[in-house]
Amino acid sequence: MRPVYMVAGGVSKFAKARPTVTFQQMVAEAFDAALAQVPALTPEQIDGSVASYFSDHFQRQLMAGIMVQDYLGLCPKPSKRVEGGGATGGLCFQTAWEAVASGRMEVCVAYGFETMSRVNTWKGNEFIALASDVSFDFPLGGFYTGYYAMMVVRHMHEFGTTVEQLARVSVKNHRNACHNPYAQKRLRLTIEDVRAAPMVAYPLTLLDVCVMSDGAAACILASEEMAAKLTDAPVRITGVGTGTDTMRMADRPHGEVLLLPHESPADYKGLKYPGVHSFRAGRTAAIQAYKMAGVTNPPRELDFVELHDAYTSSEIQTYEDLGLCRYGEGGSFVESGKADLGGLVPVNPSGGLLACGHPVGATGLMQAVFAFWQLQGRIGTHFGDSTLQVPKARRGLIHSHAGTGTYITVTIMEAV
Amino acid sequence: MVDPQPASEQSPERRHPPRLEETEEGAVLFNVPFPSDLSQLKGMSPIIAKWPYQINYIHSYGQDSPFFAGLANKKLLGTRCSRCGTAYGTPRLRCMGCGGECDWFELPRRGRVHTWTTCYFSGEAYLDETPFHLILVEWENVATLFLSRLVGCESADISIGMQVEARFRRNSKFNVADVYFVRAPKQT
Chain Z
70 MRPVYMVAGG VSKFAKARPT VTFQQMVAEA FDAALAQVPA LTPEQIDGSV ASYFSDHFQR
130 QLMAGIMVQD YLGLCPKPSK RVEGGGATGG LCFQTAWEAV ASGRMEVCVA YGFETMSRVN
190 TWKGNEFIAL ASDVSFDFPL GGFYTGYYAM MVVRHMHEFG TTVEQLARVS VKNHRNACHN
250 PYAQKRLRLT IEDVRAAPMV AYPLTLLDVC VMSDGAAACI LASEEMAAKL TDAPVRITGV
310 GTGTDTMRMA DRPHGEVLLL PHESPADYKG LKYPGVHSFR AGRTAAIQAY KMAGVTNPPR
370 ELDFVELHDA YTSSEIQTYE DLGLCRYGEG GSFVESGKAD LGGLVPVNPS GGLLACGHPV
430 GATGLMQAVF AFWQLQGRIG THFGDSTLQV PKARRGLIHS HAGTGTYITV TIMEAV
Chain P
2 MVDPQPASEQ SPERRHPPRL EETEEGAVLF NVPFPSDLSQ LKGMSPIIAK WPYQINYIHS
62 YGQDSPFFAG LANKKLLGTR CSRCGTAYGT PRLRCMGCGG ECDWFELPRR GRVHTWTTCY
122 FSGEAYLDET PFHLILVEWE NVATLFLSRL VGCESADISI GMQVEARFRR NSKFNVADVY
182 FVRAPKQT
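Residue numbers (my numbering), protein chains in the order written: chain Z, 70 to 485; chain P, 2 to 189.
In structure tokens, the structure reads:
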């Protein structure tokens, strides 16, 4: 496989609803924003694309991907849709990477979107819950927040994680978003505000859960030769990993922890893994990506992480899967400020899904765009405010996550 | 351990801020204003129309059908791999460990709460049933869990490890909610 670089990226402003535009135009906004960063790129030089959107139900439109392809003027170039629940964006990014790494394409566009405002919030929750087993899970409530609530109740039982530690994630991510003009929710909250918000599924309140959004994002990936022609600040994709787990949370095994290089079996004596408290797919993806990128001590060797915080609880679970701390230490990791801007490893400096919004097919690509700008040192240019720029950011990690941890991607990006 | 019931500590105003109820019944519109100057059209507000959508699926449980027949006959069935012996609390006919074929067996009615939650919201189809409790049930020597509802108790009464017992709907709906759990009565 040959080296692959990200050379440009754009996002549309995420919003609760964007009824003034169709999904095609929303993607065009993100694509045009990306193209503006690579003025030397001619339409002929784009070899193809990968489309990312999660649900056909939200749009009531099959083959929406080709409608974007034709709106962007990319026909008759090759394209396909990839889909894997909440990880759709991450999978799309990795599929575009594969197209360039394999030599099939010199330049590949990864674009994604979701228009979740087309149904009411509770119908939207029902659609999302169709991404659980419709025979054994869905008829019990059709509600993903309920599944995540059960996971974190078990996490609290195993490790002593507290609801205040969960709330700390919400406070951090909403606070970061105050400096990100693309974010949907920019709030200054206290732990008390989070706990006093309406309870959705115990112990998760409305402020522990991401919202539905309309939005789009686009990334342009290129070979080394093309990257050198297109930009003075390419970002290299140095690690790619993907993991899976059972659709039904009830089917998760209770075995041995999959260890990272800086861990030992003695760290986890007596811990049944992954159970419902941890994500084996996330750990699997991290192991692959770290190996490829040569990362042996993640908290020391990563400058920032943009991870899939659909719930405050899943951010804490994911710290552990990624080895930013040991299993069981996720709560104290956030509580001690290690995930804050200026902390050991800033996590979700953009505000994450909790604050930026979660238009599913766009989300994983949005993370790539924010990570790209961080590694170029150009957060200030794009946000009009450099507060969120991680100083001397050289290596970042993005993490995209589906279902109850069913598909998870980890991608490592590095400044050149 | 879990500290249940924080919701009850909140004032009702805080939990449900006052707001006029929103419904999806919009006006039926037969025409809209239109400018004589076409250059104004790019500033036009979007036309938003309601598209109802209703489907009846002919869903088959396929090889999992005996599980649902079991519920209708007050039996909760799991499966066990005929090759490696792994027992599954939610049935699967193909062992995910060794690929062996699994056989049906009857699970004990009594199990324990592995984890739980109380849902105050849900997918649209179940909003009328909120709040409700969800549990994952565990059994000794059974490798995987079973997702179900827990009825007849308050959040404050639920704890991990608590014994629960299966109950069955008399009039089966032939879905997984035909079985539910209650707190296990004290054994005599």
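C-beta atoms are modelled at their ideal positions from N, C-alpha and C, and glycine is treated no differently.
query: Determine the direct distance from the alpha carbon of Gly430 of chain Z to that of Gly411 of chain Z, and round the result to whole angstroms.; result: 30 angstroms
query: Give me the chain Z residues within the contact set of Ser149 of chain P, using Cβ-Cβ distance strictly less than 8 angstroms, ordered along the chain.; result: Leu209
query: Runs of 3 residues minimum, wholly inside the stretch 152-238 of chain Z: which ones carry the beta strand (DSSP E) assignment?; result: 176-184
query: Is it buried or exposed for Ser124 of chain P, if we count other Cβ within 10 angstroms and need 16 for buried?; result: The sequence given here places Gly at residue 124 of chain P; Ser does not occur at that position. It counts as buried.
query: If the criterion is Cβ atoms closer than 8 angstroms, does the pair Gly78 of chain Z and Ala103 of chain Z meet it?; result: yes
query: If we require 4 or more residues per run, which alpha helix (DSSP H) segments fall completely within the stretch 365-443 of chain Z?; result: 367-370, 381-390, 399-404, 421-425
query: Tell me which residues of the stretch 70-99 of chain Z have at least one Cβ-Cβ distance to chain P shorter than 7 angstroms, keeping chain order.; result: Pro88, Thr89
query: Please report whether the beta-carbon of Tyr271 of chain Z lies at a distance below 8 angstroms from any beta-carbon of chain P.; result: yes
query: Among Z:Val96, Z:Val188, Z:Ala462, Z:Leu371, which residue has its Cα nearest to the Cα of Gly308 of chain Z?; result: Z:Leu371
query: Can you say whether Val176 of chain Z is buried or exposed, counting buried as having 16 or more other CB atoms within 10 angstroms of its CB?; result: buried
query: In chain order, what residues of the stretch 178-199 of chain Z put their CB closer than 7 angstroms to some CB of chain A?; result: In the structure shown, chain A cannot be found, because the protein chains are Z and P.
query: The beta strand (DSSP E) with Asp104 of chain P in it runs from where to where?; result: 103-107
query: Quick check on Phe147 of chain P: does DSSP put it in helix, strand or coil?; result: strand
query: The alpha helix (DSSP H) with Phe92 of chain Z in it runs from where to where?; result: 92-104
query: Could you check where the beta strand (DSSP E) with Arg113 of chain P kicks off and where it finishes?; result: 111-120
query: Counting contacts by CB-CB distance shorter than 8 angstroms, is Asp320 of chain Z in contact with chain P?; result: yes
query: With a threshold of 6 angstroms on Cβ separation, who are the neighbours of Val221 of chain Z within its own chain once the five nearest residues in sequence on each side are excluded?; result: Ser382
query: Does the stretch 239-259 of chain Z come within contact of the stretch 448-459 of chain Z, defined as at least 3 CB pairs closer than 8 angstroms?; result: yes
query: May I ask you to list the residues that DSSP assigns as paired with Asp283 of chain Z?; result: Z:Ala84, Z:Thr184
query: For His451 of chain Z, which three-state DSSP category applies?; result: helix
query: Indicate the three-state DSSP secondary structure (helix, strand or coil) for Thr353 of chain Z in the structure shown.; result: helix
query: Relative to the alpha-carbon of Val438 of chain Z, which residue among Z:Gly158, Z:Ala84, Z:Gly310, Z:Asp116 has its alpha-carbon at the smallest distance?; result: Z:Gly158
query: Under 8 angstroms between C-beta atoms, does Arg237 of chain Z make it to chain P?; result: no
query: Does the count of Cβ pairs from the stretch 158-170 of chain Z and the stretch 265-274 of chain Z closer than 8 angstroms reach three?; result: no
query: So Ile159 of chain P is in the beta strand (DSSP E); what residue range does that whole segment cover?; result: Here Ile159 of chain P belongs to no beta strand (DSSP E), and DSSP marks it neither H nor E.
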